[in-house]
Amino acid sequence: MDKQQFLDEYKAVFNEEAKDVFFSPGRINVIGEHTDYNGGHVFPCAISVGTYGVYGPREDTTVAIYSANSAKEENSKIITFDINDDQPQTAKDEKWVNYFKGMLVYLKQRGFEINHGFNFYIHGYLPYGSGLSSSASIEMLMGDILKEEFNLDIDQIELVKLGQKTENDFVGLNSGIMDQFAVGMGKKDNAIFLDCNTLEYKYLPLALGDYEILIMSTNKTHSLAGSKYNERVQECTEAVNRLNKKLDIKKLGEIDSKTFDQYTYLINDDTIIRRARHAVSENERTKRAIDAMEAGNLEELGRLINASHVSLKYDYEVTGKELDTLAETAWEQSGCLGARMVGGGFAGSAIAIVKKSAAEEFKANVGKIYKEKIGYDASFYDAEIVDGPHKL
Ligand code: GLA
Numbered sequence: 013m014d015k016q017q018f019l020d021e022y023k024a025v026f027n028e029e030a031k032d033v034f035f036s037p038g039r040i041n042v043i044g045e046h047t048d049y050n051g052g053h054v055f056p057c058a059i060s061v062g063t064y065g066v067y068g069p070r071e072d073t074t075v076a077i078y079s080a081n082s083a084k085e086e087n088s089k090i091i092t093f094d095i096n097d098d099q100p101q102t103a104k105d106e107k108w109v110n111y112f113k114g115m116l117v118y119l120k121q122r123g124f125e126i127n128h129g130f131n132f133y134i135h136g137y138l139p140y141g142s143g144l145s146s147s148a149s150i151e152m153l154m155g156d157i158l159k160e161e162f163n164l165d166i167d168q169i170e171l172v173k174l175g176q177k178t179e180n181d182f183v184g185l186n187s188g189i190m191d192q193f194a195v196g197m198g199k200k201d202n203a204i205f206l207d208c209n210t211l212e213y214k215y216l217p218l219a220l221g222d223y224e225i226l227i228m229s230t231n232k233t234h235s236l237a238g239s240k241y242n243e244r245v246q247e248c249t250e251a252v253n254r255l256n257k258k259l260d261i262k263k264l265g266e267i268d269s270k271t272f273d274q275y276t277y278l279i280n281d282d283t284i285i286r287r288a289r290h291a292v293s294e295n296e297r298t299k300r301a302i303d304a305m306e307a308g309n310l311e312e313l314g315r316l317i318n319a320s321h322v323s324l325k326y327d328y329e330v331t332g333k334e335l336d337t338l339a340e341t342a343w344e345q346s347g348c349l350g351a352r353m354v355g356g357g358f359a360g361s362a363i364a365i366v367k368k369s370a371a372e373e374f375k376a377n378v379g380k381i382y383k384e385k386i387g388y389d390a391s392f393y394d395a396e397i398v399d400g401p402h403k404l
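Plus 12 on top of the position in the sequence shown (first one is 1) and you've got my numbering.
Have a look at this one:
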């Protein structure tokens, strides 16, 4: 993408020269799904599809935000609020502003000085609800811009935590920290093995040799805040409560499957047992996937990725017809080591590890079968693994 393009777009809207252009990535997750809020492990990375933001300071205390992605009429697209206004936007078509506003509000609450307004132009390339974390991309974009433009002395992981706080307390989704961490701490060509309980992490090169990761979008969007996401969080909390008749744990990530087997009877509910079994088994698969990566055993990594999808489908029940069709069709293709849904689920995107030389045939075959079964096209992205948010 060309920086000048965004400077021009800003000028056309605000009628003045901009100061700076920033980029913030989206994310995929190799394995470790719905483990973050359960205190388990994840293995995500930042991708080159993301959100661009153009910043220009103002002398008053107004924040004026224009989104190129907004569906509003052109003349009502600029949304304004005062830097001292700490309430979420409530109008239905303005709620997306809360991902930005929350970051501003919480940085100010933490005592950081943001003492004048600004104009802000954004252009996102992650379709909303695509499962590639457009929301964390936006939160970390805003965090990075404010950090840089107002010289805020804040550690990157603290900024990541404010991103999660924005999501939880300002937007209302009880998500874990994976997305903000993956975006905010992204490193070129590396995935991040993160313990969501302790926030200990290490970078691992995603060295896939003759293989590549393909992103497949169902082109069906999900809305997590309105979906069953919070219900899953609640079901896992209930599992912990029931296990604690004999155990003393805070999160399911603290136990292995041996301990889980021994005490499953305490849960005594078919649905909650399956939810908890996913959280425990997925955490173990993620650790085994790291061992496989480190040993260069891509076949084993692929098998674990497939098993992750199966567990998300049958035990956690967060896939749905579109994601199942993508993953299960991918499994049938020659040159595919593994495939599964990524992110919150219900719709959105999946990934597949595919032999580079077979990629074109793979996309054609999976695309054709998806269209026959679902009735509209899937999309395929060739994304690179990139660094976190930065100024261009
Ligand atoms: C969403 C949430 C993350 C994580 C995933 C599922 O992307 O924002 O915190 O829970 O779902 O792994």
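Ideal placement from N, C-alpha and C gives every residue a C-beta, glycine not left out.
Relative to the C-alpha of residue i, which residue among the options is closest?
i	options	result
residue 113	96, 381, 255	96
residue 121	129, 293, 178, 138	178
residue 62	153, 107, 353	153
residue 20	169, 65, 183, 338	65
residue 54	301, 250, 22	301
residue 325	310, 286, 313	286
residue 311	268, 223, 24, 116	223
residue 379	141, 337, 172	337
residue 44	34, 191, 176	191
residue 115	174, 125, 282	174
residue 383	352, 232, 282, 239	232
residue 81	340, 13, 349, 140	140
residue 298	284, 137, 315, 248	315
residue 399	388, 193, 245, 207	193
residue 221	164, 309, 93	309
residue 272	303, 289, 281	289
residue 225	25, 56, 89	56
Kindly list the residues whose CB is nearer than 6 Å to the CB of residue i, restricted to its own chain and excluding five residues on each side of it in sequence; keep chain order.
i	result
residue 79	134
residue 347	366, 367, 370
residue 465	For the chain, the structure presents residues 13 to 404; residue 465 sits outside this window and is missing.
residue 402	none
residue 22	30, 66, 133
residue 187	179
Would a check of beta-carbon distances place residue i closer than 8 Å to chain D?
i	result
residue 62	No chain D is present in this structure, which holds just one protein chain.
Quick one: using the 10 Å Cβ neighbour count with 16 as the cut-off for buried, is residue i buried or exposed?
i	result
residue 48	buried
residue 305	buried
residue 110	buried
residue 327	buried
residue 334	buried
residue 197	buried
residue 202	buried
residue 228	buried
What residues in its chain sit with their C-beta under 8 Å from that of residue i, if we drop five residues either side in the sequence?
i	result
residue 72	128, 129
residue 161	31, 32, 67, 69, 130
residue 268	292, 296
residue 14	none
Within its chain, find whatever has a CB closer than 7 Å to the CB of residue i; leave out the 5 residues flanking it on each side and keep chain order.
i	result
residue 275	255, 258, 259
residue 263	50, 51, 209, 252
residue 278	254, 255, 257, 258
residue 261	252, 255, 267
residue 107	101
residue 404	15, 33, 34, 35
Fill in: Inter-stretch contact (C-beta, 8 Å, three-pair minimum) for the region 320 to 327 and the region 372 to 379
no
Item to complete: Could you tell me whether the region 386 to 401 touches the region 13 to 30, where touching means 3 or more Cβ pairs closer than 8 Å?
Response: no
Fill in: Segment contact flag, the region 137 to 151 with the region 198 to 217, C-beta cutoff 8 Å, min 3 pairs
no
Fill in: Residue ranges of each alpha helix (DSSP H) within the region 349 to 398, 4 or longer
371 to 386
Practice prompt. Counting only runs of 3+ residues fully inside the region 71 to 95, write out the beta strand (DSSP E) ranges in chain order.
Written response: 74 to 79, 91 to 94
Discussion item. List, from N- to C-terminal side, the alpha helix (DSSP H) runs of 4 residues or more that fit wholly inside the region 230 to 302.
Written reply: 241 to 255, 269 to 275
Fill in: Every unbroken beta strand (DSSP E) inside the region 24 to 66 [3 residues or more]
32 to 41
Item to complete: Scan the region 134 to 162 and note each continuous beta strand (DSSP E) run of 3 residues or more that stays entirely inside, going in chain order.
Response: none
Worksheet item: Which ranges does the alpha helix (DSSP H) cover as unbroken runs of at least 4 residues, wholly within the region 159 to 213, from first to last along the chain?
Response: 168 to 177, 190 to 196
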